[in-house]
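Chains A and B are the protein sequences, given in the same order.
All residue numbers for the first sequence refer to the working numbering, where the first residue is 46 and numbers rise by one.
All residue numbers for the second sequence refer to the working numbering, where the first residue is 765 and numbers rise by one.
Read the structure below first, then the notes.
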Amino acid sequence: MLPSVRYPRILPVGEAAFTVEFGDAVDEALNRRVHAFDAALQAQPVPGLVETVPTYRSLLVMYDPQVSRAEAMRVALADALAVLATAELPLGRLVEIPVCYGGEADPDLADVAAHCGITAQAVIELHAQPVYTVAMLGFAPGFAYLLGLPEALATPRLATPRLRVPPGSVGIAGAQTGVYALATPGGWRIIGRTDRVLFDPGRAEPFALRAGDRVRFVPL
Amino acid sequence: MSNLATLEVLDPGLLTTVQDAGRKGWARYGVPPSGPLDEVAFSAANALVGNPSDAAALEITLTGPTLRVERECLIAVCGATFDVWAGMLPVPLWHAVYVRAGRIITFGTRLSGARAYLAISGGIALPSFLGSQATYLPGGFGGLDGRALRAGDRLPLGAAPTPNPVQSAGRIWPVDRRPPYMLQPTLRVVLGPQDDYFTAEGVATFLDSAYQLTSEADRMGARLQGLPIAHRGPTGIVSDGVVAGSVQVPPDGQPIVMLADHQTTGGYPKIATVIRADLPLLAQCLPSDGVRFAAVTLAEAQRAFSNLCEGG
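Below you can see the structure in the form of structure tokens.
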């Protein structure tokens, strides 16, 4: 984090987007403000708004400069921020994800247990305990970054990422936990897998998780 | 209207993909826009054959394909300069050209640039995926089964009026509406969002020196090499949103310009964003080609965007 920066701040991302930064930390309260601001913009779209991308600590707002010039958009965003200060934060949907922990295809459960100095069973119990928040979806399609991992489970990511992590994999990287919706390369420590289809382009809502949702893992 | 027909791939070339104007509205789920890297050449090719500007066409990379069209049609090739023939007849670039049914379209020597766009009247009519036919290779979706074309593929074409060979002859895309392709282009940027993560000298280095494209340049991004850009403090940020044109600077100080298939979020500070009007210039650069960056104001960037939208 940089010293002496005052948040929130509205920063240009080229000619057709602004990033609204609420801070520069992985923090649940900060992330909730991002989702609250996102929800406020969805509920009352400002003219020219095209799409938004919520992240841990900022909201990327893409807009059409032909509809709203930069200064008009900056003012509209600042106005929306001013209203937000007093708005109630919405609570996300609760999504339960059944997980098979420690199967043959979950190569890292024992390593995580060893790193944390607890049994594999304790890892499972700890991991399935909290209600997590989907902080953001990103880097790859549908990959869900979850906030709320118990500190005792923090484990560094793999030194060498795997070329293919199957969809449905549940992993740990540092103080974060996450779920892969598509097969992608990845360096997270895989401790479990869900059969739940997290991405199906044929569904009305193709992605099972959206940013702001709350998630509970149910061990099978 | 002529019958629906196909475009047959006899030889795919190095990397030929189906692209339309891109996938809108899915970035919040981690899905990038994809679409053409040189959107000006792509839209011009579509306009020349009478298609909507977002119709699906082919993006052709470095080595071109050989194709057969099953029905008579108009074609246009825009972007990188290739020798192109329809049967025995040369196909001039940035022109609408009438092609008889069954003719073989051959891409020969590439003279300059990296990516050409071939549009066919009626457009390519594959099923859309999340609202778009744009191929996204890393995710394995869009286009034809989420992959580059192969020999033997047959692409369905959309309905189009039977072209009149006489009327359609001679339609040319005006030179002043083509991107000003050049060696060592200067790419205009809007500084930020995280230019304050760099020292004043770091920002000056970025704006005052030339950078070379490395061999790691694909549809996801172009990794550049040159004088390292100095970070002021931390070399990472908590991940935030990325757009096509975002210039990320990892700890080694070598910038990466994100392109249409970019990750939707990233953890490197972004010193600047290349304006949309200038991304086509980068799309046509080859490894070891040089580029420079010049900062413009947001107002100047938006004027360039307006000109782009008006085709000017």
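Even for Gly, the Cβ is constructed at its ideal location relative to N, Cα and C.
Note that the structure is a prediction, hence the values are computed from the model and not measured.
Query	Result
Should glutamine 1027 of chain B be labelled buried (16 or more other beta-carbon atoms within 10 Å of its own) or exposed?	buried
Given that aspartate 245 of chain A touches chain B, what residues does it touch there, using C-beta distances under 8 Å?	What aspartate 245 of chain A touches in chain B: nothing, since even the nearest Cβ is about 11 Å away.
Between which two residues does the alpha helix (DSSP H) holding alanine 968 of chain B run?	964–972
Report the residue from B:Ala912, B:Ala844, B:Thr873 and B:Ala840 whose alpha carbon sits nearest the alpha carbon of serine 817 of chain B.	B:Ala840
Going by DSSP, which residues form a beta bridge with lysine 788 of chain B?	Looking at the DSSP assignment, lysine 788 of chain B forms no beta bridge with any residue, so it has no partner.
For chain A, check one thing: does any of its Cβ atoms lie closer than 9 Å to the Cβ of threonine 1037 of chain B?	yes
Quick one: what's threonine 827 of chain B bridged to in DSSP?	Paired residues: none, contrary to the question.
Taking only beta-carbon atoms, is tyrosine 793 of chain B less than 9 Å away from chain A?	yes
Quick one: any contact between the stretch 982–993 of chain B and the stretch 1020–1036 of chain B, if contact means 3 or more CB pairs under 8 Å?	yes
Please name the residue, chosen from A:Ala150, A:Leu104 and A:Gly59, that lies closest to arginine 238 of chain A on a Cα-to-Cα basis.	A:Ala150
Closer than 8 Å by beta-carbon distance: list the chain A residues that pair up with proline 1029 of chain B, in chain order.	First, the residue type needs correcting, since residue 1029 of chain B is threonine and not proline in the sequence shown. Chain A residues near threonine 1029 of chain B: Val98, Thr100, Met181, Gly183 and Phe184.
Could you tell me the distance, in whole angstroms, from the CA atom of alanine 1068 of chain B to the CA atom of arginine 1040 of chain B?	8 Å
Evaluate the contact criterion for the stretch 1028–1036 of chain B versus the stretch 79–96 of chain A: three or more CB pairs, one atom per stretch, below 8 Å.	no
Could you check whether isoleucine 163 of chain A and arginine 261 of chain A sit closer than 9 Å to each other, using their CB atoms as the reference points?	no
Grouping DSSP H, G and I as helix and E and B as strand, with all else coil, what is valine 91 of chain A?	coil
Does any C-beta atom of chain A lie closer than 9 Å to the C-beta of glycine 1017 of chain B?	no
I think arginine 102 of chain A touches glutamate 73 of chain A, with their Cβ atoms under 8 Å apart; what is that distance to the nearest whole Å?	Actually they are not in contact, since the Cβ atoms of arginine 102 of chain A and glutamate 73 of chain A sit about 11 Å apart, beyond 8 Å.
What in chain B is Cβ-close to glutamine 221 of chain A, meaning under 9 Å?	Ordered by position in chain B, no residue passes the 9 Å Cβ test against glutamine 221 of chain A, which lies about 10 Å from the chain.
One question on the structure: do valine 13 of chain A and leucine 105 of chain A come within less than 9 Å of each other, judged by their Cβ atoms?	The requested residue 13 of chain A does not occur in the structure, where chain A is confined to residues 46 to 265.
Isoleucine 1001 of chain B touches chain A at which residues, Cβ-Cβ below 7 Å?	Asp69
With a threshold of 8 Å, are at least 3 pairs of Cβ atoms found where one atom belongs to the stretch 826–834 of chain B and the other to the stretch 863–874 of chain B?	yes
What whole-angstrom Cβ distance do leucine 955 of chain B and valine 1055 of chain B have, given they're in contact under 8 Å?	Between valine 1055 of chain B and leucine 955 of chain B the Cβ distance is about 16 Å, and since that is not below 8 Å, they are no contact.
Judging by CA-CA distance, which residue of A:His172, A:Ala61, A:Pro53 and A:Leu203 is the nearest neighbour of glutamate 1064 of chain B?	A:Ala61
Could you give the distance in angstroms between the alpha-carbon of valine 179 of chain A and the alpha-carbon of glutamine 221 of chain A?	11 Å
Is there a Cβ from chain B that is less than 9 Å from the Cβ of glycine 162 of chain A?	no
Taking DSSP as the reference, what is the three-state secondary structure of phenylalanine 1069 of chain B?	helix
Rounded to whole angstroms, what's the CA-CA distance from valine 120 of chain A to proline 920 of chain B? Just pull it up for me.	47 Å
Just to confirm my understanding: we take leucine 877 of chain B, look at its own chain, exclude 5 residues before and 5 after, and list those with CB closer than 7 Å. What are they?	The sequence as given places glycine at residue 877 of chain B; leucine does not occur at that position. The answer, listed in chain order, is Gly843, Ala844, Thr845, Tyr945 and Gln1048.
Which residue from B:Pro929, B:Val1038 and B:Leu801 puts its Cα closest to that of valine 1060 of chain B?	B:Val1038
Quick check on serine 1052 of chain B: buried or exposed, where buried means 16 or more other Cβ atoms within 10 Å of its Cβ?	exposed
So what's valine 841 of chain B in DSSP terms, helix, strand or just coil?	strand
I'd like to know if aspartate 1004 of chain B contacts chain A, where contact means its C-beta is closer than 9 Å to some C-beta of that chain.	yes
Suppose you measure from the CA of phenylalanine 905 of chain B to the CA of phenylalanine 244 of chain A; what does that come to, to the nearest Å?	12 Å
In terms of residue numbering, what span does the beta strand (DSSP E) encompassing alanine 986 of chain B cover?	985–989
With H, G and I counted as helix, E and B as strand and the rest as coil, what does DSSP make of alanine 1026 of chain B?	In the sequence on display, residue 1026 of chain B carries histidine and not alanine. DSSP places histidine 1026 of chain B in coil when its eight states are reduced to three.
Taking Cβ-Cβ distances shorter than 7 Å, what residues in chain A pair up with proline 1014 of chain B?	Those do not exist, as proline 1014 of chain B stays about 15 Å from chain A at its closest Cβ, beyond 7 Å.
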